[in-house]
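Engineer: In my numbering, the protein residues as written are 624 to 808. Heads up, the beta-carbon is just placed ideally off N, CA and C, and yes, glycines get one too. Pasting a structure here, questions to come.
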Ligand SMILES: CC(C)(COP(=O)(O)OP(=O)(O)OC[C@H]1O[C@@H](n2cnc3c(N)ncnc32)[C@H](O)[C@@H]1OP(=O)(O)O)[C@@H](O)C(=O)NCCC(=O)NCCS
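So, in structure tokens, the structure goes:
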């Protein structure tokens, strides 16, 4: 199925916020209480929150649509390590771009939409001179971890990500765009 990725505009915000509210729970570990998940959504994934991301320096929201024009995935990119400065020491290649959010509608999991969105993210990052992408995902999010590993992300370490006051263990990944030192190209 064909997927088109574009930078989000204010017109996309209601659909993206709806998608974000539906997909965020899929990335959470099962032990995280529903009210804690709801509180995170209410604080960080509302239309107002996305309008803030659209306006924020160094932030970019991407929206992927299927052939019918339905929003099926979105990503939030944040330049450098600003999305979690505590992870900066784990990132080996600079400049880097952080993938703060990367979510696909469950009806489109396994469809190639995630790969289309990630290919676009990589292209944008390379075009703006980045030498890597980095992100963090919950240690129990096996599906995301397999997806990122298949797409060249390397484990760099971990972080504690607090959702509604509850600490969660994330794995930190980096996808370099340059050959490792000593490696022939
Ligand atoms: C993570 C995500 C973007 C990946 O997109 P996708 O279309 O599901 O990815 P794919 O189907 O191409 O790849 C998923 C891999 O996990 C495997 N997988 C599927 N279900 C799995 C499960 N329950 N446990 C372990 N692996 C699983 C698939 O077989 C595939 O493995 P492969 O690469 O070896 O073939 C998407 O699943 C998603 O949006 N998930 C919910 C939100 C989320 O977790 N976002 C990431 C937050 S950082």
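I think residue 636 touches residue 648, with their Cβ atoms under 8 Å apart; what is that distance to the nearest whole Å?
Structural biologist: Going by Cβ atoms, the distance from residue 636 to residue 648 rounds to 20 Å, so no, they are not a contact pair.
Engineer: Enumerated in chain order, which unbroken segments of the beta strand (DSSP E) with a length of 3 residues or greater are wholly contained in the region 708-755?
Structural biologist: Runs of the beta strand (DSSP E) lying entirely within the region 708-755 and spanning at least 3 residues, in chain order: 719-727.
Engineer: In this structure, does DSSP put residue 642 in helix, strand or coil?
Structural biologist: It is helical.
Engineer: Counting C-beta neighbours from all protein chains within 10 Å, is the total for residue 797 16 or more, i.e. buried, or is it exposed?
Structural biologist: buried
Engineer: Relative to the C-alpha of residue 721, which candidate in 705, 735, 709, 715 has its C-alpha closest?
Structural biologist: 705
Engineer: What do you reckon, are the CB atoms on residue 771 and residue 642 nearer than 8 Å?
Structural biologist: no
Engineer: When every heavy atom of ligand 1 is checked, does at least one fall within less than 7 Å of the C-beta of residue 687?
Structural biologist: no
Engineer: According to the neighbour-count rule (16 or more other Cβ atoms, all chains shown, within 10 Å of its Cβ), is residue 808 buried or exposed?
Structural biologist: Since pLDDT at residue 808 reaches only 49, below the 50 mark, its modelled position is unreliable, and no value is offered.
Engineer: Check for me: the beta strand (DSSP E) holding residue 664 runs from which residue to which?
Structural biologist: That residue, residue 664, is in no beta strand (DSSP E); its alpha helix (DSSP H) goes 657-667.
Engineer: Work out the CA separation of residue 651 and residue 742 for me, nearest whole Å.
Structural biologist: 24 Å
Engineer: Could you tell me the boundaries of the beta strand (DSSP E) in which residue 699 lies?
Structural biologist: 694-702
Engineer: Could you pull out every residue in the same chain whose Cβ sits closer than 6 Å to the Cβ of residue 759, ignoring the five residues on either side in sequence?
Structural biologist: 782, 793, 795
Engineer: For residue 727, verify whether its CB is less than 7 Å away from any heavy atom of ligand 1.
Structural biologist: yes
Engineer: Just grab the DSSP bridge partners of residue 797 for me.
Structural biologist: 757, 777
Engineer: Taking the alpha carbon of residue 764 as the point to measure from, which residue in 646, 625, 683 has its own alpha carbon closest?
Structural biologist: 646
Engineer: Quickly, what does DSSP pair residue 689 with across the bridge? List them, please.
Structural biologist: 626
Engineer: Going by DSSP, what residues sit across from residue 791 in a beta bridge?
Structural biologist: Looking at the DSSP assignment, residue 791 forms a beta bridge with 784.
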